[in-house]
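In the working numbering, the protein residues as written are 6 to 339. For reference, the structure is listed below as structure tokens.
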Ligand SMILES: [Fe+2]
Ligand SMILES: [Fe+2]
């Protein structure tokens, strides 16, 4: 490593000269009103993102300034319509061994290993031998899945969009499902709820690519994480059968129920679920998933908001301004 990172996206100020490496999260060539091409970029590092523009020599730099490239940037940060934007004067591609990669990848605030241990103890607490064998075969015995799970974000940008975010989301949901199963007792099957917590989004480990920046894979775009999750269940049930892990065939009804919980977790046809929830466990997993993703995405939005005062800027997706509590104000002052 020979290039130190000393300026970070979140701390850049208006009129500050910028000379620092960044990772390109997004890159596009656009054409201005005069017909001249310019580049629209989003630069990132572990603290966040900042928009950037290149106005000069676009044909020469467009091939290098691509998504996932590490680049050395020279330019100036300015406010444009209330948002920070770096106007780049010089850009140079860097090799991975010239920089410290962990400066560029957003980390979650949770410790991945301890989250994984929580997940394992939820699996250990399951009672139904069929459901438990299925959970173990994926979350404990399949090393390649465990490795991916410890890295994957839960989304490209909406919620838990950082390393380990998927695991954090799974553990958070399963904890709530544990509480709910205690609350409703015999009305719901705790083990089926747990499988919903574990597997509703498990397809995201292949739906997304997250070596550097996060994007959709071709399989993700063509198939999507709901169907990919169902395919995994089918594959693992076959494996359990061929290894003889259970003294009997995996019960068909249980296989259908867990597949249904996965397929129905987006709740509505227009949100990408081919079936609406048709058992209590599917309904509960859908609602708790919705709750957990909203709490995470809104808290991240409030935390990252840079407007002075008690109110955030407009959240376009939720179509409202959010109130900033004390914890968000303290965060902003630091
Ligand atoms: Fe999902
Ligand atoms: Fe989810």
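Cβ atoms here follow ideal geometry from the backbone N, Cα and C, with glycine treated the same way.
key: Which of helix, strand or coil DSSP assigns to residue 339   = In the chain shown, counting from the first residue as 1, residue 339 sits at position 334. Because the pLDDT of residue 339 is 43, which lies under 50, any placement of that residue in the model is unreliable, and the number read from its coordinates should be weighed accordingly. Note: residue 339 maps to coil in three-state DSSP.
key: Beta-carbon proximity of residue 205 to residue 297, cut-off 8 Å   = Here residue 205 refers to the residue found at position 200 of the chain shown. Here residue 297 refers to the residue found at position 292 of the chain shown. It is not a contact, given that the beta carbons lie outside the stated cut-off.
task = Measuring alpha carbon to alpha carbon, tell me which of 199, 186, 16 ends up nearest residue 266.
result = Taking the chain shown and counting its residues from 1, one reaches residue 266 at position 261. It is 199.
task = Count the other C-beta atoms from every protein chain shown that fall within 10 angstroms of the C-beta of residue 362, then say buried if there are 16 or more, exposed otherwise.
result = Outside the displayed span of the chain (6 to 339) sits residue 362, for which this structure offers no information.
request  = May I ask you to report which of helix, strand or coil DSSP gives residue 132?
outcome  = Indexing the chain shown from 1 puts residue 132 at position 127. It is coil, neither helix nor strand.
query = Just how far apart, CA to CA, sit residue 136 and residue 18?
reply = As a working note, residue 136 is residue 131 in the chain shown. As a working note, residue 18 is residue 13 in the chain shown. C-alpha separation (whole angstroms): 53 Å.
key: Sub-8 Å separation of residue 86 and residue 92 beta-carbons   = On the chain shown, position 81 is the one that residue 86 refers to. On the chain shown, position 87 is the one that residue 92 refers to. The answer is no: Cβ separation not under 8 Å.
query = Would residue 80 pass as a contact of residue 89 if the rule is Cβ separation under 8 Å?
reply = The count along the chain shown starts at 1 and reaches residue 80 at position 75. The count along the chain shown starts at 1 and reaches residue 89 at position 84. Contact: no.
key: DSSP three-state assignment for residue 317, whether helix, strand or coil   = For the purposes of this step, residue 317 is identified with residue 312 of the chain shown, where counting begins at 1. If DSSP states are grouped into helix, strand and coil, residue 317 belongs with the strands.
request  = Using the Cα positions of residue 155 and residue 120, report the straight-line distance between them to the nearest angstrom.
outcome  = Locating residue 155 in the chain shown gives position 150, counting from the first residue. Locating residue 120 in the chain shown gives position 115, counting from the first residue. Whole-angstrom Cα-Cα distance: 9 Å.
ask   = If you count every other CB in all the chains shown that lies within 10 Å of the CB of residue 186, and 16 or more means buried, which is it?
value = Counting from 1 along the chain shown, the entry for residue 186 is found at position 181. Its Cβ being crowded by 16 or more others within 10 Å, residue 186 is buried.
message = Any heavy atom of ligand 1 inside 7 Å of the beta-carbon of residue 271?
response = Within the chain shown, numbered from 1, the residue matching residue 271 stands at position 266. Checking the Cβ of residue 271 against ligand 1 gives yes.
message = Please report the distance separating the alpha-carbon of residue 335 from that of residue 142.
response = Within the chain shown, numbered from 1, the residue matching residue 335 stands at position 330. Within the chain shown, numbered from 1, the residue matching residue 142 stands at position 137. One C-alpha to the other measures close to 44 Å.
ask   = Relative to ligand 1, is the shortest distance from any of its heavy atoms to the C-beta of residue 206 smaller than 7 Å?
value = Taking the chain shown and counting its residues from 1, one reaches residue 206 at position 201. Checking the Cβ of residue 206 against ligand 1 gives yes.
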